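Residue numbers (the numbering used here): 383 to 700.
Where a beta carbon is used, it is the ideal one built from N, C-alpha and C, also for glycine.
Note that this is a predicted model, so its numbers are computed, not measured.
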């Protein structure tokens with residue numbers, strides 16, 4: 383009589399296992415940090431990536447101003463993307479910091495989603511461990527450094543020769559410094575005349591990147607890092623502000639303040655969001671997506687070149 387019970391138990395376990403596999407294939411969450419050991423006050427980049435079937439409705443993740451013992455100093459949401467299997471990809475990046483010493487845990491984050499049946503469900507990320515060290519860790523070593531001993535006068539008649547040699551060397555150094563400064567001053571006007579415009583530099587750098595063998599070697603992430611830096615540097619030069627340390631969201635806000643057309647702002651924002659996905663979210667783009675991103679980079683430059691420059695170029699061609 384035990385045989386039917388055993389069969390039923392086996393079937394139940396099989397169904398449960400199958401359900402677990404289906405549930406895992408429906409949605410998956412990943413988290414990671416750029417470094418697991420930091421010094422007090424250092425910034426930590428915490429990335430949360432969600433991959434879900436397209437028929438799931440994933441709710442936006444909101445963490446407030448803190449994450450466990452860590453303060454959230456900055457936050458950006460990556461633009462949603464689709465992978466080659468049609469799954470939706472959502473990404474979040476948090477800039478964290480902490481001012482305590484010891485071993486800490488970034489707690490699990492709950493992601494809420496609605497399945498095709500309309501039922502709300504939750505899935506949690508793994509917790510991450512961070513070690514925070516004190517900035518004064520090297521003080522004990524420096525405390526052992528002793529001061530210089532009192533100098534002892536050396537008897538003899540060599541002192542005057544040392545002074546003469548020192549004086550001659552100093553005079554030569556001052557003369558060389560003066561001549562170098564003078565030479566640079568004479569070269570500066572010529573250098574300014576020959577300085578290329580921001581768009582000329584950007585076109586040249588984009589062409590050099592296109593001719594490189596990074597993609598052939600599979601170094602896709604490095605390609606996108608360089609691609610995004612070229613455009614970020616260009617935007618800063620073109621619109622006269624410091625751009626290289628700004629996040630994608632900060633760039634968007636700055637361009638809006640500069641009264642750039644909304645259409646162009648969104649173009650720039652979507653470009654950098656996709657680059658962020660490749661650089662930080664471990665997304666591997668298809669060859670077609672790589673081509674489109676490269677074309678979009680050039681298009682951004684095309685669309686933001688001053689009109690008077692375009693008119694001048696047309697007249698020169700004519």
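One Cα belongs to residue 604, the other to residue 613, and the distance between them is close to 15 Å. Within its own chain, the residues whose Cβ lies closer than 7 Å to the Cβ of residue 587, once the five positions on either side in sequence are excluded, are 612, listed in chain order. Looking at 668, 616, 665, the one whose alpha-carbon comes closest to that of residue 687 is 616. Collapsing the DSSP output to three states places residue 669 in a helix. Note on residue 658: 16 or more other CB atoms within 10 angstroms of its CB, so buried under the neighbour-count rule. Taken atom to atom, the span from the alpha-carbon of residue 434 to that of residue 440 is near 8 Å. DSSP, reduced to helix, strand and coil, places residue 482 outside both helices and strands of the structure shown, so it counts as coil. Leaving aside the five residues that flank residue 660 on each side, the residues in its chain whose CB is nearer than 7 Å to its CB run, in chain order, 602, 603, 606, 667. Its chain contains no residue whose beta carbon lies nearer than 7 Å to that of residue 642 once the 5 sequence neighbours on both sides are disregarded. With a contact defined as Cβ atoms closer than 8 Å, residue 409 and residue 505 qualify at about 6 Å.
Under the three-state reduction of DSSP output, residue 677 falls in the helix class. Around the beta carbon of residue 655, 16 or more other beta carbons lie within 10 angstroms, which makes this residue buried. Between residue 585 and residue 683 the beta-carbon gap is near 6 Å, inside 8 Å, which marks them as a contact. In the DSSP assignment, residue 456 forms a beta bridge with 477. The beta carbon of residue 425 lies closer than 6 Å to those of 477, 479 in the same chain, with the five residues before and after it left out. Following the DSSP letters along the chain, one finds residue 510 inside the beta strand (DSSP E) bounded by residues 510-515. Residue 648 and residue 635 have their C-alpha atoms roughly 11 Å apart. With a cutoff of 8 Å on beta-carbon distance, residue 651 and residue 629 are scored as not near each other.
Under the criterion of beta carbons closer than 8 Å, residue 487 and residue 516 do not qualify as touching, at roughly 19 Å. The DSSP-derived three-state label of residue 491 is coil.
DSSP links residue 414 through a beta bridge to 429. For the set 431, 499, 489, the Cα lying nearest the Cα of residue 512 is the one of 489. Pairing residue 421 with residue 491 gives a Cβ-Cβ distance that is not under 8 Å. By the CB criterion at 8 Å, residue 620 and residue 675 fall outside the cutoff.
For the set 550, 431, 500, the Cα lying nearest the Cα of residue 507 is the one of 431. Around the beta carbon of residue 609, 16 or more other beta carbons lie within 10 angstroms, which makes this residue buried. By the Cβ neighbour-count rule, residue 556 is exposed, with fewer than 16 other Cβ atoms within 10 Å of its own. The bridge partners DSSP lists for residue 449 are 452. Contact check for residue 503 and residue 662: beta-carbon distance about 27 Å, past the 8 Å limit, so the pair fails to qualify.
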